[in-house]
Amino acid sequence: MNIDLLVSALTHVILLPPVCLVLGIAAGMLLRRWKPRAGRMLAVASASILLVLSTVAGARMLMWPLLEHAPVLATGDTGGAGAIVVLAAGRIEHAPEYGGRDVPDLTTLARLRYGAHLQHLTGLPLLVTGGNASPDGVHEAKAQTMARVLRDDFRTPVAWVEAASETTAQNASRSARILKDNKVGRILLVTDALHMARAARVFAATGLEVVPAPTMFHGAGKLAALDFIPSAAGLHMSWYASYELAGLAWYRLRELTRPD
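Under UniProt numbering, the residues of the sequence shown are numbered 1 to 260, in order.
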């Protein structure tokens, strides 16, 4: 298995809230048999952090460092870019209301909507990137689904489809080859705001000049009273922010350990 995919899988399952904190509570309860004070402290600390991160207010604390890398793109500003690049997220498989075809999930759909909006404003050529086609051919690559939705539902032309990548780093490297072959060196990069820090970093590492074009600003707006109460929405936001922070740390570690 690709090392990036393995790290991603482990991060999804074990290293992120709530699983890591539930494991911390369980470990603390077990540790109490031999080290009562240490076990109690571990269990209480894990439970307290879980409680905080289950709120929207707590999730926003994790989002702040990511949103610093996601400035809002001024309307109509292309930043001198020669193309728009839209990154895949997830998909809904065998959607019954669409005749059993795969369709973009909510995150991918939001990215597509903003990419289409920018294309209509600027007229720039658009590239979609994302693989994960099934070996048996039942599921097409995410980029192929994205291109179909852009053309059919958003009436937006797609210039290039990169359908072989499985990670953000591969999105960057494979898209860069296509873009450079077509004399494009500066891009509008479309992804959600929390993903932008990691995505912009790996695209810039390919030699492309990146103009961030983020969408889905989950941390925007004033906090309400309900945002301090634990909720599934708060926990999901904490999970996603933690995943992006972990991914950013992993890419930085790879850069530090890469031979010169």
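Note that the Cβ used here is the ideal one computed from N, Cα and C, for glycine as well.
Identify, in the order they occur along the chain, each residue of the same chain with its Cβ nearer than 7 Å to the Cβ of Ala-110, setting aside the five sequence neighbours on each side.
Numbered from 1 along the sequence shown, position 110 holds the residue referred to as residue 110. Asp-192, Thr-215 and Met-216, listed in sequence order.
Assuming Gly-39 and Val-86 are in contact, meaning their beta carbons sit under 8 Å apart, how far apart are those beta carbons, in whole angstroms?
Reading the sequence shown from its first residue, position 39 is the one you call residue 39. Reading the sequence shown from its first residue, position 86 is the one you call residue 86. No, Gly-39 and Val-86 are not in contact; Cβ-Cβ is about 48 Å, not under 8 Å.
Of all the alpha helix (DSSP H) runs that stay within the bounds of the region 145-181, which reach a length of 4 or more residues?
168-181, all fully within the region 145-181.
Find the nearest neighbour of Val-202 within the set Ala-164, Ile-178, Arg-252 and Ser-48, judged by alpha-carbon distance.
If you number the sequence shown from 1, residue 202 lands on position 202. Looking at the Cα atoms, Arg-252 is the closest of the given residues.
Helix, strand or coil for Val-44, going by three-state DSSP, please let me know.
As a first step, residue 44 is located in the sequence shown; it is residue number 44 there, counting from the start. It is helical.
Taking only runs of the alpha helix (DSSP H) that begin and end inside the region 220-249, which ones reach a length of at least 4 residues, in chain order?
none
Let's see if you can read the secondary structure: which residues bound the alpha helix (DSSP H) around Val-184?
Position 184 of the sequence shown, counted from the start, is the residue given in the question as residue 184. Boundaries cannot be given for Val-184, as no alpha helix (DSSP H) includes it and DSSP labels it neither H nor E.
Judging by CA-CA distance, which residue of Arg-254, Leu-126 and Asp-136 is the nearest neighbour of Val-184?
Along the sequence shown, one-based indexing puts residue 184 at 184. It is Leu-126.
Host beta strand (DSSP E) of Ile-25 (start-end):
The count along the sequence shown starts at 1 and reaches residue 25 at position 25. It is not in any beta strand (DSSP E) - Ile-25 instead sits in the alpha helix (DSSP H) that spans 19-31.
Ser-46 burial status per 10 Å Cβ neighbour count (16 or more: buried):
Residue numbering aside, residue 46 sits at position 46 when the sequence shown is read from its first letter. Buried.
Quick one: which unbroken alpha helix (DSSP H) runs of 4-plus residues sit fully inside the region 51-79? Chain order, please.
Counting whole runs of 4 or more residues, the region 51-79 contains the alpha helix (DSSP H) stretches 56-67.
For Gly-247, which residues from the same chain have a beta carbon less than 7 Å from its beta carbon, with the 5 sequence-adjacent residues on both sides left out?
Position 247 of the sequence shown, counting from 1, holds the residue named residue 247. Contacts found: Arg-198.
Can you tell me the Cβ-Cβ gap for Leu-42 and Gly-58, rounded? I've got them flagged as a contact below 8 Å.
Within the sequence shown, numbered from 1, the residue matching residue 42 stands at position 42. Within the sequence shown, numbered from 1, the residue matching residue 58 stands at position 58. Here Leu-42 is actually not in contact with Gly-58; their C-beta atoms are around 19 Å apart, not less than 8 Å.
Please return the same chain residues whose Cβ sits closer than 7 Å to the Cβ of Pro-230, not counting the five positions on each side in sequence.
Sequence index remark: in the sequence shown, residue 230 carries index 230 (1-based). Once the five neighbours on either side are set aside, the close Cβ partners of Pro-230 are Leu-51, Ser-54 and Thr-55.
Checking the sheet assignment: what are the DSSP bridge partners for Asp-192?
On the sequence shown, residue 192 is found 192 positions in, with the first residue counted as 1. Note: Asp-192 sits in a beta bridge opposite Thr-215.
Report the rounded CA-to-CA distance for Ala-70 versus Trp-34, giving the unit in angstroms.
Indexing the sequence shown from 1 puts residue 70 at position 70. Indexing the sequence shown from 1 puts residue 34 at position 34. Each residue's alpha carbon lies about 47 Å from the other.
DSSP three-state call for Val-13: helix, strand or coil?
On the sequence shown, residue 13 is found 13 positions in, with the first residue counted as 1. Val-13 falls in the helix class under three-state DSSP.
So, does the region 175-184 touch the region 137-145, judging by three or more C-beta pairs under 8 Å?
no
Could you have a look at Val-138 and say whether DSSP puts it in helix, strand or coil?
The residue given as residue 138 occupies position 138 in the sequence shown. In this structure, Val-138 counts as coil in the three-state DSSP scheme.
Supposed contact pair Ile-84 and Val-210 - C-beta distance, whole angstroms, cut 8 Å
In the sequence shown, residue 210 corresponds to position 210, counting from 1. In the sequence shown, residue 84 corresponds to position 84, counting from 1. Not really, about 12 Å apart at Cβ, beyond 8 Å.
If we ignore side chains and look at the alpha-carbon of each, how far apart do Leu-118 and Pro-36 end up?
Position 118 of the sequence shown, counting from 1, holds the residue named residue 118. Position 36 of the sequence shown, counting from 1, holds the residue named residue 36. Distance between the alpha carbons of Leu-118 and Pro-36: 58 Å.
Taking the alpha carbon of Asn-132 as the reference point, which residue from Thr-156, Leu-194 and Glu-93 has its own alpha carbon closest?
Within the sequence shown, residue 132 is the residue found at index 132, counting from 1. When the alpha-carbon of Asn-132 is set against those of Thr-156, Leu-194 and Glu-93, the nearest one is in Glu-93.
Assuming contact is defined by CB atoms lying nearer than 8 Å, are Glu-244 and His-195 in contact in what I supplied?
Start at 1 with the first residue of the sequence shown, and residue 244 comes out as number 244. Start at 1 with the first residue of the sequence shown, and residue 195 comes out as number 195. Yes; because the gap between Cβ atoms is below 8 Å, this pair is in contact.
To the nearest angstrom, report how far apart Ala-164 and Ala-89 are at their CA atoms.
As a working mapping, residue 164 is identified with position 164 in the sequence shown. As a working mapping, residue 89 is identified with position 89 in the sequence shown. For Ala-164 and Ala-89, the distance between alpha carbons rounds to 14 Å.
By Cβ distance, which residues of its chain are closer than 8 Å to His-12, with the 5 residues on each side in sequence left out?
Within the sequence shown, the letter at position 12 stands for residue 12. Closer than 8 Å at Cβ, skipping near neighbours: Tyr-243.
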